[in-house]
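Asks: Structure in structure tokens, see below.
Now the structure itself:
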């Protein structure tokens, strides 16, 4: 019982407070300066700091993983991929520390940003593989394909320059259709989390929590 309290009940209680404050301050439309608004801002600031440390820890872990892979997989394709990744990481960190953020942002925008833009085109390959397995035979997969198609076309600057209406259609798809579906998903997930938390407090939801997940 003590182990369950430490691993399940206390974390759920603390997370429930954070979620409760955020939800209440959002839906109650409280005025600026209200104590609940101030508490939410404190929570958001703390969450930002925690996420920053998590990202830093993840970066260190990833760098160590690439280093270990270079040591164990010498002169293979993975060896060179890890080498390039670590080299670019070190170069970007040194530029940021030596030249400051403004210079770093400019260099990053004209190098990594363009490289990332090329990588974005891999979406076509991955999405095509998904559609090959899903098959567009029903309303759901057809809607998924249309949403993806107009979203991708809207991101193509040269295309919307010659066909401006694609930008309007893509914007409508992203905001009216996709955003509505995302909000519905958030609401469903929120309700499910509340039900899951209640079941966990009552001791009826054991599988994921008893493992400390």
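In the working numbering, the protein residues as written are 1029 to 1241.
The beta carbon of each residue, even a glycine, is placed where N, CA and C say it ideally should be.
No experiment lies behind these values; they were computed from the predicted model shown.
#1: Are residue 1120 and residue 1136 touching if we call contact CB-CB under 8 Å?
#2: Which of the three DSSP states is assigned to residue 1063 in this structure?
#3: Would residue 1128 be called buried (16 or more neighbouring beta carbons within 10 Å of its own) or exposed?
#4: In whole angstroms, give me the CA-to-CA distance for residue 1079 and residue 1070.
#5: Between which two residues does the alpha helix (DSSP H) holding residue 1201 run?
#6: At what residues does the alpha helix (DSSP H) containing residue 1191 begin and finish?
#7: Just to confirm before moving on: does the CB-CB distance between residue 1175 and residue 1225 stay below 8 Å?
#8: Count the other CB atoms within 10 Å of the CB of residue 1055; is the residue buried (16 or more) or exposed (fewer)?
#9: Roughly how many angstroms lie between the CA atoms of residue 1190 and residue 1109, to the nearest whole one?
#10: For the pair the segment 1197-1204 and the segment 1215-1224, tell me if three or more CB-CB distances fall below 8 Å.
Replies: According to the data block:
#1: yes
#2: helix
#3: exposed
#4: 14 Å
#5: It is not in any alpha helix (DSSP H) - residue 1201 carries neither H nor E in the DSSP assignment.
#6: Run containing residue 1191: none; DSSP gives neither H nor E here.
#7: no
#8: exposed
#9: 38 Å
#10: no
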